[in-house]
Amino acid sequence: MRLRGRKGIRENLEAQPELIVLDPREYKGRWKERFGNDRPIYVELGMGKGQFISGMSVRYPDVNFIGMDMYDELIRRAGEKGKKAWAEKTGQNVEDVRPPNLNLALGNIEFIEEFFAPGEIERIYLNFSDPWPKAKHGRRRLTHPRFLNKYKQLLNEKGEIHFKTDSQTLFEFSLNAFAAVGLQMSDISLNLHRDGINENHVMTEYESKFHAQGMNIYRCEVKVGQAALRNYEEHKMDRF
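Here it is, written out as structure tokens:
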């Protein structure tokens, strides 16, 4: 992705330390301390411009959200969206808003194990990740087993992965990858918004665009932690 950032973007990010984390290694094992509470931590990996993570933080104030991306400009844009979303919710001026349960972290997902301690995360969102369509680039896909094995270490006993994409090829690859590392899938959808926009889901920028174009949105949930698996087993018959 090539982005044209604004002049002085790094200074802009440095001026928002309560919202933006420029070196997430500093908080490995201490994210709850940074948030100031023991609420569960949900992380979106590759958050783009931040529409999803901002909307989720407003909809679920009892959860701590971290949006991560490797581009300064996307962190800046997500920061603006996060503040705007909370300003609309609280009636404050955007300049005065401090989203209480949202952090944005600048980092390369390749090194995610350097940013979070084992069991520190309760949920990972993978939304419209780069499909890396060439077979030789398969190891770069965020649902490749080498990444999944990292996520398994970082997720706690309630841990889940929620995955959405517009790419049928990536979706099929991912289902096979989840199975290959022994993960339980549920809530598999081949067209999430078939009957109109599913209001239970906060949409990303790409999702809104692709849905408007009539494209299918593929989605599934993956149960990773033992408590998540037990809950799935106890309630799976209710789904049918």
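With positions in the sequence shown counted from 1, the corresponding number in this note's numbering is that position plus 1.
Quick reminder that beta carbons are idealized off the backbone N, C-alpha and C, glycines included.
Of the residues R195, K137, L176, I122, the one whose Cα lies closest to the Cα of G160 is I122. For K224, there is no enclosing alpha helix (DSSP H); the enclosing beta strand (DSSP E) covers residues 219-224.
Distance from the CA atom of L105 to the CA atom of E45, rounded to whole angstroms, is 10 Å. By DSSP's assignment, K165 forms a beta bridge with N128, R220. Here L184 is near I162, since their CB atoms are less than 9 Å apart. Secondary-structure assignment with DSSP links F66 through a beta bridge to Y43, L103.
In the three-state reduction of the DSSP assignment, V22 falls in the strand class. Membership of D188 in the beta strand (DSSP E) is indicated by the continuous run 185-190. Shown here, L156 sits in a strand according to DSSP, grouped into three states. Of the candidates R77, N201, W32, the residue whose Cα lies closest to the Cα of R11 is R77. Around the beta carbon of I198, fewer than 16 other beta carbons sit within 10 angstroms, so the residue counts as exposed. Annotated three-state conformation of E200 is coil, per DSSP.
The C-beta distance from Y126 to D167 rounds to 15 Å, too long to meet the 8 Å contact threshold.
If you compare the alpha carbons of D196, D188, N201, H212 with that of Y233, the shortest gap goes to D188.
Judged by DSSP in its simplified three-state form, E123 adopts strand. It is roughly 19 Å from the alpha-carbon of E173 to the alpha-carbon of R195.
M57: member of the alpha helix (DSSP H) spanning 52-60, first to last residue.
Comparing alpha-carbon positions, the option among S175, F117, E115 lying closest to T144 turns out to be S175. Here H236 is exposed: its Cβ has fewer than 16 other Cβ atoms, across all protein chains shown, within 10 Å. In this structure, DSSP gives G30 a state outside helix and strand, which the three-state scheme calls coil. Counted as a single uninterrupted DSSP element, the alpha helix (DSSP H) harbouring K82 occupies residues 73-91. Looking at the backbone, the Cα of A136 and that of T170 are separated by about 11 Å.
Annotation: P101 to M186 spans about 32 Å, alpha carbon to alpha carbon. Membership of H236 in the alpha helix (DSSP H) is indicated by the continuous run 227-236.
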